[in-house]
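Asker: Taking the working numbering, the leading residue of the sequence shown gets 4, the next gets one more, and so forth.
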Amino acid sequence: MALFVDLEEEAEPPQTQHYGLKPQWNGERVKQQLPNGQNGLHGGESQGTTIDREPENPNEHNGMAEALGCYPIVMAIASSIDLNTLDNLSRTCRQVHQALLQYRSSILAHTLHCVNEDVPVDPEDTFRYRARAGNWYYMEDGRTGDYNGKSGNCARDMVAECRRCGTVVCRNCAIKPPAPAVFRDRHRRLCIPCSKAPLGSLVKPSLSPDTLVDAEEMQRAICTCDTKGVWLCQPCGRSIRGADHDYKSIWKWRNQYGEVLGGLGTGIGEGDRGVICGREAACCGSKEREQETDCDAADAREQDENNGGTLSPWTTPSPASSIAGSPPSERRTPSPQLRPGYARHEIEGIGGVVKTKLVRIVRVGACVPEWEDEKNKNEILGREVSGRSRSWCGWCWRVIPGKKDWEMAKAKNANIPIPNEK
């Protein structure tokens, strides 16, 4: 460390004072403070007292360190962070480290805990689960069966909320990071009202309409799967690959069957016959529509979920288990225990078969636009994948800002007037 002293003004001490170093005095100010009637002995004592005085440490009166010294405040903060964040907090300065050190045992016990910490470890499925969890392609709905256990003891160093549902999980209970090649499949197209709405209205909780995309509160609310990583719990993460495959299949089918194919696809994209917005029921332009559901299939699916789920694809059921697990006669078509009513309608099909349909009012998102250049190139969501248009993440269910959002934030930071969109 170098200390520069200005020797031109001999009557004043140097203004540059670093922490841990004593200022270099020239004695002029000390002589001025001495009274004329004092002898040399008292003058020497006064001079020594002034010279030996330590400089004032600006970090001694740290407001953050004083707040962390209060037990209720430090416990409230510790209950919302994991051990890694707590370690980073203690390394900010010496005063904060000393304030946290006095409550060390209590803080370590009250940091963020995984929701599966009290669940016992399943020794039978541990090896199979660990082997399959290392490969992201097994994270598909239906491929992992009804596994609800965990692979090992829960960790305390990396614990955070699931980016989709908010469940607190550790690194051992979260899904493995997807392959970089599949990050382009998470995009969902937004409708025109959602693409033109302020970015703050598309996040939860809603922010001010003038909040920029580079603001700290906005960065916590938007999708960060490609920058900070994917953090999803097992129930939310097992279905992302199947949902991506279904969404891509819809666009492939729409690009293949169009108006040019013998008029087969005439009117598909008109009215309510298009692809709905990625936000679905939370869409800015959503409407209420009637939805018909086969009651027999819905009732059977609900019964299977209540009885413990379906069989795993890698297990072969025996004849005895097939007979024991077959639905009773009263569960088969039609369902006699659920009589027709206001929502359940009996419909006579081909051959006189009577089926029950569940008719209910649901909220459906608006239809998204389809671009001719993407149809001609046989390209799926080209604007969203390249970042030119705003999109929706199908993994964490958060908005992905587009090019215009970043340009608007850059222009406002540079005080450049933004032209009004027509």
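We treat Cβ as the ideally placed atom computed from N, Cα and C, and that holds for glycine.
Tell me which residue opens and which closes the beta strand (DSSP E) that residue 348 is part of.
Answerer: First-last of the beta strand (DSSP E) with residue 348: 347 to 351.
Asker: Which whole-angstrom value is the C-beta distance of residue 362 and residue 348, which I expect to be below 8 Å?
Answerer: Contact flag correct, Cβ pair sits at about 6 Å.
Asker: Per DSSP, what kind of secondary structure is residue 113 in: helix, strand or coil?
Answerer: coil
Asker: Let me check one thing: in DSSP terms, what residues is residue 254 bridge-paired to?
Answerer: Paired residues: none, contrary to the question.
Asker: Exposed or buried, what is residue 408 when buried is set at 16 or more other beta-carbons lying within 10 Å of its beta-carbon?
Answerer: buried
Asker: Less than 7 Å between C-beta atoms, sequence neighbours within five positions excluded: which residues of the same chain meet that for residue 189?
Answerer: 228, 247, 396, 397, 398
Asker: Beta carbon of residue 283, beta carbon of residue 367: below 9 Å?
Answerer: Going by C-beta atoms, residue 283 is nearer than 9 Å to residue 367.
Asker: What are the partner residues of residue 395, as DSSP defines its beta bridges?
Answerer: 191, 402
Asker: Since residue 96 and residue 193 are thought to touch, with beta carbons under 8 Å apart, how far apart are those beta carbons, to the nearest angstrom?
Answerer: No, residue 96 and residue 193 are not in contact; Cβ-Cβ is about 44 Å, not under 8 Å.
Asker: How should residue 203 be labelled, buried or exposed, when 16 other C-beta atoms within 10 angstroms of its C-beta is the threshold for buried?
Answerer: buried
Asker: Taking just the CA atoms, how far does residue 167 sit from residue 207?
Answerer: Taking the Cα positions, residue 207 is about 11 Å away from residue 167.
Asker: Drop a sphere of 10 angstroms on the beta-carbon of residue 383, count the other beta-carbons inside from all chains shown, and report buried for 16 or more, exposed for fewer.
Answerer: buried
Asker: Kindly indicate the opening and closing residues of the beta strand (DSSP E) around residue 366.
Answerer: Its beta strand (DSSP E) spans residues 357 to 367.
Asker: Pick from 211, 223, 231: whose alpha carbon is nearest that of residue 180?
Answerer: 231
Asker: Mind reading off the beta-carbon distance from residue 224 to residue 210? Whole number of angstroms is fine, and I expect it under 8 Å.
Answerer: 7 Å
Asker: Tell me which residue opens and which closes the beta strand (DSSP E) that residue 294 is part of.
Answerer: 290 to 297
Asker: Mapping the DSSP letters down to three states, classify residue 120 as helix, strand or coil.
Answerer: coil
Asker: If you follow the alpha helix (DSSP H) that residue 239 is part of, which residue opens it and which one closes it?
Answerer: Residues 237 to 240.
Asker: Might you give, ordered along the chain, the residues of its own chain that have their beta carbon closer than 8 Å to the beta carbon of residue 99, omitting 5 neighbours on each side?
Answerer: 65, 67, 68, 71, 92, 93
Asker: For residue 177, which of helix, strand or coil comes out of DSSP?
Answerer: Three-state DSSP puts residue 177 in a strand.
Asker: Candidates 364, 83, 125: which alpha carbon is nearest residue 170's?
Answerer: 83
Asker: Report the rounded CA-to-CA distance for residue 244 versus residue 73, giving the unit in angstroms.
Answerer: 47 Å
Asker: If we count the other Cβ atoms within 10 Å of its Cβ and call it buried at 16 or more, is residue 394 buried or exposed?
Answerer: buried
Asker: Report the option in 198, 124, 109, 172 whose CA atom is closest to the CA atom of residue 288.
Answerer: 198
Asker: From this set, 118, 184, 187, which residue's C-alpha is nearest residue 158's C-alpha?
Answerer: Out of 118, 184, 187, 118 has the C-alpha closest to the C-alpha of residue 158.
Asker: Would you list the residues sitting across from residue 172 in a DSSP beta bridge?
Answerer: DSSP lists 163 as partners of residue 172.
Asker: Judging by CA-CA distance, which residue of 413, 81, 252 is the nearest neighbour of residue 102?
Answerer: 81
Asker: In terms of residue numbering, what span does the alpha helix (DSSP H) encompassing residue 382 cover?
Answerer: Careful: residue 382 lies outside any alpha helix (DSSP H) and carries neither H nor E.
Asker: So residue 90 is in the alpha helix (DSSP H); what residue range does that whole segment cover?
Answerer: 86 to 93
Asker: Could you tell me whether the Cβ atoms of residue 86 and residue 104 are closer together than 9 Å?
Answerer: no
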